[in-house]
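Peer 1: After the structure tokens below, expect a handful of questions from me.
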């Protein structure tokens with residue numbers, strides 16, 4: 001049974017938002033999407049209600065959140081989350097699911113200290129300071145499995161070289177967009193068990209070499225060039241770029257994300273998950289192979 005029926009989603013047009021919207025609508029929940037303008041995104045179902053807000057206006061946010069029981073944030077601007085949290089408290093929202101999807105910022109101090117996650121760490125601290133005013137949950141899902149293959153981050157099946165991190169044989173936790181959406185629904189169904197904590201989910205624990213082998217199995221003619229990168233050196237180089245101000249800041253941030261996923265000791269491979277609680281069944285080898293084959 002779902003504890004909360006009236007749901008708002010902020011940032012619903014990004015990588016995760018559409019999957020979450022569809023999952024909650026299919027579960028029969030009342031869903032509204034907060035948007036900066038009235039233009040309807042092609043990635044969202046026509047049936048979902050959009051409410052125009054100004055994220056810099058507390059009054060605008062509070063008005064939009066009237067009657068909402070749970071607010072899910074997938075906004076990329078982590079600096080905007082404290083204002084969203086304050087508006088949710090004022091509007092009487094019961095549960096806030098923060099835009100902390102991905103690497104283990106809540107549970108791993110090394111990952112939490114990486115500059116790319118500074119905003120997430122601040123949001124986590126802010127939520128903890130407000131725990132007597134609003135409930136919260138964070139979703140730690142590791143790498144996005146299907147999206148990561150599609151854009152060439154985990155492996156490149158589009159003709160370019162795959163960057164193998166620390167040899168590409170280390171396993172890491174990865175989750176499909178659909179399973180992340182299921183995790184959000186599961187939180188709403190198990191409010192007590194997910195109160196004021198991070199939940200951990202994965203579709204599979206995989207390695208880059210395993211994914212490349214499955215891609216070759218699906219398409220034997222596929223060219224799979226690789227280059228090998230040390231995550232320790234990537235981290236060192238990314239810090240050097242930030243300190244000097246010289247170089248590609250965006251790529252430095254992407255390298256920090258890679259470090260959080262692939263470097264040993266940074267929490268990229270989960271020892272325990274909340275899969276059973278949240279209704280997620282891990283992919284078996286055949287299902288994983290089928291998923292990879294969709295992108296080759």
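Numbering (full-length UniProt numbering), first residue to last: 1 to 296. We put the CB at the ideal spot given by N, CA and C, even for glycine.
(1) Terminal residues of the continuous beta strand (DSSP E) containing residue 6?
(2) Only counting runs of 3 or more residues, tell me where the beta strand (DSSP E) segments fall wholly within the region 153–189, in order along the chain.
(3) I believe residue 34 touches residue 7 by the beta-carbon criterion, under 8 Å. Please report the beta-carbon distance rounded to the nearest angstrom.
(4) Return the residue from the list 288, 219, 179 and 228 that minimises the CA-CA distance to residue 158.
(5) Can you tell me the Cα-Cα spacing of residue 168 and residue 49, whole angstroms?
(6) Select from 180, 175 and 196 the residue whose C-alpha is nearest the C-alpha of residue 106.
(7) What span of residues does the beta strand (DSSP E) with residue 90 cover, start to end?
(8) Here's the rule: buried if 16 or more other CB atoms are within 10 angstroms of the residue's CB, otherwise exposed. What is residue 9?
(9) Take residue 2 and list the residues in its own chain whose beta-carbon comes closer than 6 Å to its own, dropping the five residues that flank it on each side.
(10) Considering only DSSP beta bridges, list what residue 30 is partnered with.
(11) When the distance is taken between beta carbons, is residue 212 closer than 8 Å to residue 304?
(12) Which of helix, strand or coil does DSSP assign to residue 192?
(13) Could you name the residues of the same chain whose beta carbon sits closer than 7 Å to that of residue 130, not counting the 5 residues immediately before and after it, in chain order?
(14) For residue 180, collect the residues of the same chain with a Cβ closer than 8 Å to its Cβ; drop the 5 residues on either side in sequence, then sort them by chain order.
(15) For the alpha helix (DSSP H) that contains residue 126, what are its first and last residues?
(16) Taking the alpha helix (DSSP H) that residue 111 falls in, what are its first and last residues?
(17) Just list the residues that DSSP pairs residue 49 with in beta bridges.
(18) Please determine, among 70, 203, 56 and 214, the residue with the shortest C-alpha to C-alpha distance to residue 137.
(19) I'd like the list of long-range same chain contacts for residue 40, defined as Cβ closer than 8 Å, with 5 residues on each side in sequence excluded.
(20) With a cut-off of 8 Å on the beta carbons, I'd call residue 255 and residue 237 a contact; round off their distance for me.
(21) Which same chain residues, not among the five before or five after residue 65, have their C-beta less than 7 Å away from its C-beta?
(22) Comparing C-alpha positions only, which one of 146, 262 and 217 sits nearest to residue 291?
(23) On the premise that residue 152 lies in contact with residue 160, defined as a C-beta separation below 8 Å, what is that separation, rounded to the nearest angstrom?
(24) Just the C-alpha distance for residue 22 and residue 283, rounded to the nearest angstrom, thanks.
(25) Which term fits residue 98, buried or exposed, when burial requires 16 or more other beta carbons within 10 angstroms of its beta carbon?
(26) With a CB to CB cut of under 6 Å and the five nearest residues on each side skipped, what residues in its chain are close to residue 32?
(27) For residue 124, which option in 166, 79 and 165 has the closest C-alpha, if you only look at C-alpha atoms?
(28) Which of the three DSSP states, helix, strand or coil, is assigned to residue 40?
(29) Is residue 210 helix, strand or coil when you go by DSSP?
(30) In whole angstroms, what separates the C-alpha of residue 122 from that of residue 135?
(31) Is the beta carbon of residue 11 sitting closer than 8 Å to the one on residue 109?
Peer 2: According to the structure data:
(1) 6–10
(2) The qualifying runs are 162–165 and 172–175.
(3) Their Cβ separation, rounded to whole angstroms, is 11 Å, which puts residue 34 and residue 7 out of contact at 8 Å.
(4) 219
(5) 43 Å
(6) 196
(7) Segment 81–91 is the alpha helix (DSSP H) holding residue 90; no beta strand (DSSP E) there.
(8) buried
(9) Cβ neighbours of residue 2 beyond the five flanking positions: 188 and 189.
(10) 6
(11) Because the chain here runs from 1 to 296, residue 304 falls outside it and cannot be looked at.
(12) coil
(13) 85 and 89
(14) 16, 19, 20, 101, 139, 141, 144 and 201
(15) 118–129
(16) 109–112
(17) Beta-bridge pairing links residue 49 to 32.
(18) With distances taken between CA atoms, residue 137 lies nearest to 70 out of 70, 203, 56 and 214.
(19) 46 and 50
(20) Indeed they touch by this definition, with Cβ atoms about 7 Å apart.
(21) 8, 71, 87, 88, 91 and 93
(22) Comparing Cα-Cα distances from residue 291 to each of 146, 262 and 217, the minimum goes to 146.
(23) 6 Å
(24) 21 Å
(25) The residue is buried, with at least 16 neighbouring Cβ atoms inside 10 Å.
(26) 8, 49 and 51
(27) 79
(28) Annotated three-state conformation of residue 40 is coil, per DSSP.
(29) helix
(30) The straight-line gap separating the alpha-carbon atoms of residue 122 and residue 135 is approximately 17 Å.
(31) Cβ atoms of residue 11 and residue 109: not closer than 8 Å.
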